[in-house]
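In our numbering, the protein residues as written are 1495 to 1946.
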C-alpha cells in the first residue's frame, strides 16, 4: 500500500505520538502519592492531568500552521526536545508548582505529535484504506492514555512517582535518536503567519473556564470569583470565534464545521474523550482512596481494558470502512453506557472483577468510537483542508476532555463534601457520564447513513 520508507516514517511518528499520549494519564495512579507528598487536594492534583490536556489542546490548534510551515523532521525533533525538558523539570521538581510547570512544558512538546501522525496517514494512505490506517493511530490515541495508569502503578509502588519521569526521559531519547535517521518531510511547505492574538484568546478562554470550574469545589456557585472567571472565559471564546470567522488566516478554520460530517465526528469524539479522561482519573482514585487497593493493583485492574484498546483499534477502522461510522459508533456508545452504569452502584466492598469488567466495557466503547468518529470527521474534506480538520478535531477533543473531566472531578468532590472524595461523589460523577452516554446514543442515531 505504501513504501517501506514511509512505513518506517509512520512507525517513528507512532512511537513519538505514543510517548506523548502515554504521558497525559501517567500520573493518575501516582496521584494519591503526590497528594500526600505535597499536601494538596484531589481537585488541585488533577490539574497535573487536565492542564496537560488543556495545553495539548492549545498546541494542537497550531498543528495545521506547524505542518505547513516547518519540515516534518524539524517539527518532530523540536517537539520531543521540549517534551524531554519538561520531563527533566518534573523529575527534579521540589514542589507542586514546579511539577505542574514541568507537565505544562511536556504538553507543549507532545501537542503536535498525534495530529502530525494522523495527517501523515491521510497523506500517505489512499482514501479507501484511511479508516484502517487511522485504526493504527487509534492504538496511540486510545491505548497509550489507557495503559498509563497501569504502568504508573507498577512504577510508583516499585520505585516512587519520580521514576515515571526517568522512564519517559529514557524512551524520549531513544525515539529522538531513531527519528534522526528515518524522518522525512510530508506535504508542501507554505509561508504562513501565526495569529498570536487568536492563540491568546483561545488559551485564555479555556483556561479561565477550567479555573472557574476548579473554584466550584468550594460549593459556592454564585461567588464573584467564579462568575468573573466564567465571564472572562465566555468573552474570550466569543471574540476568538468571531476573529476566526473574519480572518483570512485563522488559527482554527472553523468554517469547516459547516461540513456535517466534521461537526458530528467532532462532537462524538469529544463526548467519548470526556468520558474516557474522567474515567482514567476517577477510577484509580476510587481504587486507591476508597477501596483501597495499592497503586500496582489499581493499575493492573485497568490493564485488561487497555489491552482491548490495543487489540481492537486496528479492526475498528476496518469495520468503519466496511459498515460505516454510524453503526460502529453506536456500538461504542452502548459499550460506554454499559461500562458507566455499574460505577453508579459500586461501593468500597466491591471486588476487583466487577471493576475490571466495567472498565473494560468503557475501553471497548472508546475503541469503537475513536477511529470511526475521526474518519467520519475528515472523510469529506479536501486533502489540503485535512490538516485543518485534524487541528479542529484534536484540539476540541483535548479541550473538551480537559474541561469536562475537570467538571466531573469537581462534581465528585462537591458531592463528597466534607470528605475529599467519597463513594457518593463517585456515584454522582458516573451518573453524569451515564447521561453523556445516552446523549451520545441519540446523536449517533441522527447521523445520516449516506454520510457515514
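Even for Gly, the Cβ is constructed at its ideal location relative to N, Cα and C.
Query                                                                                                                                                                                : Result
Kindly provide the ranges of any alpha helix (DSSP H) runs that are 4 or more residues long and lie completely inside the segment 1550 to 1626, ordered along the chain.             : 1557 to 1563, 1566 to 1586, 1590 to 1604 and 1607 to 1618
Could you tell me the distance, in whole angstroms, from the CA atom of residue 1563 to the CA atom of residue 1523?                                                                 : 38 Å
Counting C-beta neighbours from all protein chains within 10 Å, is the total for residue 1933 16 or more, i.e. buried, or is it exposed?                                             : exposed
Nearest to residue 1680 by CA position, among 1902, 1919 and 1881, is which residue?                                                                                                 : 1881
Looking at the structure shown, is residue 1736 part of a helix, part of a strand, or coil, going by DSSP?                                                                           : helix
Pull up the distance between the alpha-carbon of residue 1818 and that of residue 1506, whole angstroms please.                                                                      : 29 Å
Once you ignore the five residues that flank residue 1799 on each side, which residues in its own chain have a CB closer than 7 Å to its CB?                                         : 1640, 1853, 1854, 1856 and 1857
Among the candidates 1582, 1536, 1554 and 1530, whose CA atom is the shortest distance from the CA of residue 1888?                                                                  : 1554
Work out the CA separation of residue 1497 and residue 1518 for me, nearest whole Å.                                                                                                 : 32 Å
Cβ atoms of residue 1779 and residue 1648: under 8 Å apart, would you say?                                                                                                           : no
Quick one: give me the first and last residue of the alpha helix (DSSP H) that residue 1798 is part of.                                                                              : 1789 to 1817
Only counting the same chain, and skipping five residues up and downstream in sequence, which positions put a Cβ closer than 7 Å to that of residue 1906?                            : 1776, 1915, 1919, 1920, 1922 and 1923
What would DSSP say about residue 1499, mapped onto helix, strand or coil?                                                                                                           : helix
Can you find the residues in the same chain that come closer than 6 Å, C-beta to C-beta, to residue 1730, ignoring five residues on each side of it along the sequence?              : 1695, 1698 and 1699
Suppose contacts are defined by Cβ-Cβ distances below 8 Å. Is residue 1594 in contact with residue 1583 by that definition?                                                          : no
In terms of alpha-carbon separation, which member of 1550, 1560, 1940 and 1832 lies closest to residue 1683?                                                                         : 1560
Below 7 Å CB to CB, which residues in the same chain sit around residue 1576 once its five sequence neighbours on both sides are set aside?                                          : 1599, 1602 and 1603
Report yes if the C-beta of residue 1555 is less than 7 Å from at least one heavy atom of the ligand PLP; otherwise report no.                                                       : No copy of the ligand PLP occurs in the structure displayed, which carries no ligand at all.
Taking the alpha helix (DSSP H) that residue 1939 belongs to, which residues open and close that run?                                                                                : 1917 to 1939
Over the uninterrupted alpha helix (DSSP H) stretch that includes residue 1674, give me the two end residues.                                                                        : 1657 to 1676
Secondary structure at residue 1545, three-state DSSP: helix, strand or coil?                                                                                                        : helix
Out of 1534, 1539, 1612 and 1720, point me to the one whose CA is closest to residue 1558's CA.                                                                                      : 1612
Any idea what DSSP makes of residue 1654, helix, strand or coil?                                                                                                                     : coil
Evaluate the contact criterion for the segment 1833 to 1843 versus the segment 1652 to 1671: three or more CB pairs, one atom per stretch, below 8 Å.                                : no
Is DSSP giving residue 1844 helix, strand or coil here?                                                                                                                              : coil
Under 7 Å Cβ to Cβ from residue 1833, same chain only, skipping five residues before and after it: list those, please.                                                               : 1852, 1853, 1855, 1856 and 1859
Out of 1824, 1847 and 1755, which has the shortest C-alpha to C-alpha gap to residue 1797?                                                                                           : 1847
Measure the Cβ-Cβ separation of residue 1630 and residue 1759 and say whether it is below 8 Å.                                                                                       : no
Taking all protein chains shown into account, do 16 or more other C-beta atoms lie within 10 angstroms of the C-beta of residue 1687, making it buried, or fewer, making it exposed? : exposed
Exposed or buried, which one is residue 1597 when buried takes at least 16 other CB atoms within 10 Å?                                                                               : buried
Considering only C-alpha positions, which residue in the set 1761, 1768 and 1822 is nearest to residue 1937?                                                                         : 1761
Just the C-alpha distance for residue 1829 and residue 1742, rounded to the nearest angstrom, thanks.                                                                                : 42 Å
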